[in-house]
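> Dropping the structure in here first, questions after.
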Amino acid sequence: MGLVPALLGGASFMQIAISIGGIVFAFRSLQYLVEGLSQISGALIAWDHAALVFKAAGRSKPHAARQAPQPTHIQELPETETMPLLVAQGLGFRYHNRADMVLKDCNLQIHPGDRILLQGPSGGGKSTLVALLTGLRAPQHGTLRFRRKDSGPLGTEHWQRYVVAAPQFHENHIMTETFAFNLLMGRRWPPTWQDLQEAEAICRALGLGDLIDRMPAGMLQVVGEMGWQLSHGERSRLYIARALLQGAELVVLDESFAALDPQNLCQALECVIERAPTLLVVAHP
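Spelled out as structure tokens, the structure:
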């Protein structure tokens, strides 16, 4: 539109060229600005989701000001051979945007060595219970007790080191980093040779040996959006391996086997049962 007066007024070719150049420059600058803002927005959203992974791995620190009030009634139990590993009594939880309680008067006992299957329909509160057991959320009612004397308040790193979960597929993430880094998140880095051997052994037991052999750099292959692309089932088993490698006393797997075919499911389940000290598997009926 700015060229019309110039043309009608008999502007020179040079003036018109400068006008066109200015318009193009302004357009490109605006385009770069929009792209930059979009990337910043995407990065913030990605970090908001990825932060759950670090919390699940036990790295994150509690942010009391941004979480629900931490309960002061987390109790310590004297350790005996017959004592439950974890006891939940009267747990209740409601999301701020919902009128109904997701969990109400929920009671649960988990003993050392238990292999528990928790089934229920979508929206029944299974994943909310997992978030409470792993310290990612604080119960609004009831108590959680752990047999260890040094378990600490719910939501702290200490609690999360004893109970670890592999969240549902859409809540878990692969970083654009090496395969080994994604496996060993939450442990020391750089890893020792023994760490890498342990991680590879668990992966092969889960049926990921063929993947490791196919990747040019093996355990050091970069994966993720900018690297080697993993299938749905491969990612699910990576998440399982990541949870097992945390060394927690209780391993919680939330819908972790849903993407696996029967053969891979049997192999992965056998590995988990053998390696998890105590196991809670959440699944649909």
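Here the sequence shown stands for residues 1326 to 1610, where the numbers follow the working numbering. Glycine is no exception: its CB is placed at the ideal position from the N, C-alpha and C atoms. These figures come from a predicted structure and were not determined experimentally.
So, for Q1392: in the same chain, excluding its five sequence neighbours on each side, which residues have a beta-carbon less than 6 Å away from its beta-carbon?
For Q1392, the pLDDT reaches just 41, beneath the cut-off of 50, and the residue's location in the model is therefore unreliable, although a value from the coordinates is still provided. Around Q1392, the same chain offers no residue with a beta carbon nearer than 6 Å, after the five sequence neighbours per side are excluded.
> Roughly how far, in whole angstroms, is the beta-carbon of L1533 from the beta-carbon of E1559, given that I think they are within contact range, below 8 Å?
7 Å
> Can you tell me which of L1545, V1576, L1416 and D1535 puts its alpha carbon nearest to the alpha carbon of S1556?
D1535
> To the nearest angstrom, how far is it from the Cα of Q1592 to the Cα of Q1356?
51 Å
> Quick one, which of N1422, R1440, V1455 and M1544 has its alpha-carbon nearest Q1493's?
V1455
> Closer than 6 Å by C-beta to F1582: which residues in its own chain qualify, once you throw out the five before and the five after it? Chain order, please.
L1590
> In terms of alpha-carbon separation, which member of R1419, V1576 and L1585 lies closest to G1448?
R1419
> Could you check the C-alpha separation between M1426 and H1609 for me, to the nearest Å?
21 Å
> Helix, strand or coil, according to DSSP, for W1553 in the structure here?
Looking at W1553 - three-state DSSP - the assignment turns out to be strand.
> With respect to the beta strand (DSSP E) encompassing G1448, which residues constitute its N-terminal and C-terminal limits?
Premise fails: G1448 is in no beta strand (DSSP E) and is neither H nor E.
> Counting along the chain, where does the beta strand (DSSP E) carrying I1435 start and finish?
L1428 to I1435
> If you draw a straight line from the C-alpha of W1514 to the C-alpha of Q1465, how long is it?
36 Å
> How many whole angstroms separate the CB atoms of V1548 and N1507, which I take to be in contact at a CB cut-off of 8 Å?
6 Å
> Taking the continuous alpha helix (DSSP H) assigned at D1520, which residues delimit it?
W1518 to A1530
> With DSSP collapsed to three states, give me the class of E1502.
strand
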